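Participant: What follows is a structure written as structure tokens; I'll ask about it next.
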Amino acid sequence: YGPQEKVIEETLNFDEELKQIDICAVGPLRVTSALFSAGALKEGAKAVVITSQAGSVEWRFTQNPEGGDYGHHMSRAACNIMGVLLAQELKAKGI
């Protein structure tokens, strides 16, 4: 997959990186918020966010030791922490 974004190659695309964060991290939060507001998430319901290890800081050293590919990995890390924060918040409602 590509293109590979790197600082030293001057191939960063900040607009694309922000779009990836908007879609991959804020998108699931928007959907879950809309479901909650619509009353579709009641006590006992489950909200599932499917993400990947691409957002793991530790896994970067194994999978991508040369760095780069900022937008994808930043968006996955943001999604991972969003899922943790969301779980903490919804737990009070039994979700």
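For reference, each letter of the sequence shown is one residue, going 318 to 412 in the working numbering. For glycine and all other residues, C-beta sits at the position ideal for the given N, C-alpha and C. This structure is a prediction, so every number in the text was calculated from the model and none was measured.
Using 8 Å as the threshold, is the C-beta distance between GLU326 and ASP386 below it?
Facilitator: no
Participant: Answer yes or no: does any C-beta atom of chain D fall closer than 8 Å to that of LYS323?
Facilitator: Absent from the structure: chain D. Only one protein chain is present.
Participant: What is the DSSP secondary structure of GLN321, reduced to helix, strand or coil?
Facilitator: coil
Participant: Which same chain residues, not among the five before or five after ALA395, have their C-beta less than 6 Å away from its C-beta?
Facilitator: ILE338 and ALA342
Participant: In chain order, which continuous runs of the alpha helix (DSSP H) of length 4 or greater are located wholly inside the stretch 327-364?
Facilitator: 331-338 and 344-354
Participant: Candidates LEU402, LYS363, HIS389 and MET399: which alpha carbon is nearest ASP332's?
Facilitator: HIS389
Participant: For THR368, which of helix, strand or coil comes out of DSSP?
Facilitator: In the structure shown, THR368 sits in coil (DSSP, three-state: anything other than H, G, I, E or B).
Participant: Counting C-beta neighbours from all protein chains within 10 Å, is the total for LEU402 16 or more, i.e. buried, or is it exposed?
Facilitator: exposed
Participant: Using a threshold of 8 Å, state whether the C-beta atoms of GLU360 and LYS410 are closer than that.
Facilitator: yes
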